[in-house]
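Going by numbering that gives the first Met the number 0, 11 is the number at position 12 of the sequence shown; the sequence numbering is gapless. The beta-carbon is built from N, C-alpha and C at its ideal position, and this holds for glycine as well. Bear in mind the structure is a predicted one, so any value in this text is a computation, not a measurement. Working notes, structure below.
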Amino acid sequence: MLNGKIIINTRPEASDDQIAEALCQLNATVVPMPLIEITPIAIDKVLLNRIMQDGAFQWLIFTSKNGVDGFFDQLSKPEKLPFRIAAYGLRTAEALEQQGYSADLVNQGNTGAELLDDLIPLLQKADKVLIVTGNLAPDVLQNRLNELVTAERLDVYHTQFVTEVSKKTVQRIAAGKYDLILFTSPSGVKSFVHHTQNKIDLNCVKAASIGPSTTKALLEAGIHPCVEATTSGKTGLITAIENYFAAERQL
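Put into C-alpha cells, the structure is as follows:
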C-alpha cells in the first residue's frame with residue numbers, strides 16, 4: 000500500500016488512466032499535472048484504402064494505445080483485416096481488443112527493439128510493414144526493418160506540450176512536498192523541463208520512469224530517476240513504485 004504517498008501524474012488527461020486508478024487503489028494521493036496533449040491526425044482516404052487492400056501490407060505495428068485508437072477510429076471496422084498485427088505492450092493489445100481486434104504478436108518488453116526481436120523471425124523478405132505511430136516517435140523501428148523488408152510509417156496522432164501547467168503543483172514540486180513524479184514518455188519529460196526550468200532544481204526531482212527511452216530523456220535533462228519500470232505498461236511501473244517505497248521503509 001502507498002498510504003500517505005503523494006504522486007504527481009504527468010500523463011495526458013484521460014478518462015481511462017489505468018495508472019492513476021491503480022495508484023489510488025493503493026491509497027496514494029495522485030496529483031494531476033498533464034504535460035502533453037494528444038490529438039488525432041486524419042488519414043488520407045486514398046492511403047487508407049491502399050492500406051486496406053489485400054497484400055498491401057503483411058504487418059501493421061502498433062506501439063501505443065494512441066496509435067491503435069488513432070488508426071481504428073478512422074476505419075469502417077471491417078470484420079476481417081488484410082494484415083497481421085504486432086502490438087508493443089499489453090496496454091496496446093488491450094486497446095486493440097476494445098476496437099474489436101486481436102494482435103497476432105504481443106511483446107511485453109521494455110523497448111521497441113525487443114518487439115523487433117520477436118517480429119523479425121516471422122517476416123519474409125518480400126513483406127511490407129506499416130508502423131502506426133505518432134509525430135514525435137523516432138525512426139528506429141523503421142530504419143531497422145528497412146534493412147530486412149520494406150517498412151513505411153504512418154503518423155495518426157499529434158503530441159504537443161500543454162500551454163500551461165498548475166502553478167500550485169510547480170510550487171509543490173519546488174518545495175519538495177511530494178514523493179514521486181511519474182514520467183511515461185520523452186515528450187512529457189521535455190514539456191516538464193519547458194514549464195519548470197528556472198522554477199525548480201531539476202537535480203532534486205524525484206522521478207519514476209516507465210522505461211528506457213523516458214529514462215534517457217530524464218538523464219539528458221539532468222534528472223536521475225529513482226524508479227524505472229523493468230517491464231512495459233501499467234503493471235511494470237506500479238510494481239517498480241511499490242518496490243521503491245518498500246525498500247525506502249526498510250532504511
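Out of the options, point me to the one whose CA is closest to residue i's CA.
{"i": "A220", "options": "A206, E151, T229", "result": "A206"}
{"i": "G88", "options": "D117, V45, L179", "result": "D117"}
{"i": "S165", "options": "L140, K198, D154", "result": "K198"}
{"i": "D11", "options": "E247, H223, L181, L59", "result": "Checking the sequence shown, residue 11 turns out to be Pro, not Asp. Per the Cα distances, L181."}
{"i": "F61", "options": "R152, F191, L201, S184", "result": "R152"}
{"i": "I50", "options": "V128, K189, G3, L34", "result": "V128"}
{"i": "E146", "options": "N134, L115, Q159, D68", "result": "L115"}
{"i": "A41", "options": "Q141, A239, H157", "result": "H157"}
{"i": "N134", "options": "D126, D154, L140, T9", "result": "D154"}
{"i": "V29", "options": "D43, N8, L217", "result": "N8"}
{"i": "A173", "options": "S184, P81, N202", "result": "N202"}
{"i": "G235", "options": "E78, T110, L59", "result": "T110"}
Identify whether residue i lies in helix, strand or coil by the three-state DSSP scheme.
{"i": "T213", "result": "helix"}
{"i": "A112", "result": "helix"}
{"i": "E227", "result": "strand"}
{"i": "I7", "result": "strand"}
{"i": "L122", "result": "coil"}
{"i": "A206", "result": "strand"}
{"i": "N336", "result": "Nothing in the structure corresponds to residue 336, since the chain is present only between 0 and 250."}
{"i": "N242", "result": "helix"}
{"i": "L104", "result": "strand"}
{"i": "I222", "result": "coil"}
{"i": "L201", "result": "helix"}
{"i": "D16", "result": "coil"}
{"i": "L236", "result": "helix"}
On the criterion of 16 or more Cβ atoms from any shown chain inside 10 Å, does residue i qualify as buried, or is it exposed?
{"i": "K64", "result": "buried"}
{"i": "D178", "result": "buried"}
{"i": "D138", "result": "exposed"}
{"i": "E247", "result": "exposed"}
{"i": "E93", "result": "buried"}
{"i": "S75", "result": "exposed"}
{"i": "L34", "result": "buried"}
{"i": "D53", "result": "exposed"}
{"i": "M0", "result": "exposed"}
{"i": "I119", "result": "exposed"}
{"i": "G99", "result": "exposed"}
{"i": "I210", "result": "First, the amino acid is wrong: residue 210 is Gly here, not Ile. Flag for G210 reads buried."}
Step through the CB atoms of chain B and report whether any lies within less than 8 Å of the CB of residue i.
{"i": "F71", "result": "The structure shown has no chain B; it contains just one protein chain."}
Which whole-angstrom value is the C-beta distance of residue i and residue j, which I expect to be below 8 Å?
{"i": "V169", "j": "T195", "result": "6 Å"}
{"i": "I18", "j": "K233", "result": "5 Å"}
{"i": "R83", "j": "Q57", "result": "7 Å"}
{"i": "A102", "j": "A86", "result": "4 Å"}
{"i": "Q73", "j": "L47", "result": "7 Å"}
{"i": "A21", "j": "K4", "result": "Not confirmed; about 13 Å, so no contact."}
{"i": "V67", "j": "T91", "result": "6 Å"}
{"i": "P224", "j": "T238", "result": "So it is not a contact: roughly 15 Å between Cβ atoms."}
Indicate, with yes or no, if the ligand GTP has a heavy atom lying under 7 Å from the CB of residue i.
{"i": "A207", "result": "The ligand GTP is not among the ligands present in this structure, which contains no ligands whatsoever."}
Along the chain, which unbroken stretches of the beta strand (DSSP E) at least 3 residues long are found entirely within the region 32-100?
-> 35-39, 58-61, 83-87
Please specify which runs of the beta strand (DSSP E), each continuous and at least 3 residues long, are wholly inside the region 126-198, giving them in chain order.
-> 127-133, 149-160, 179-182
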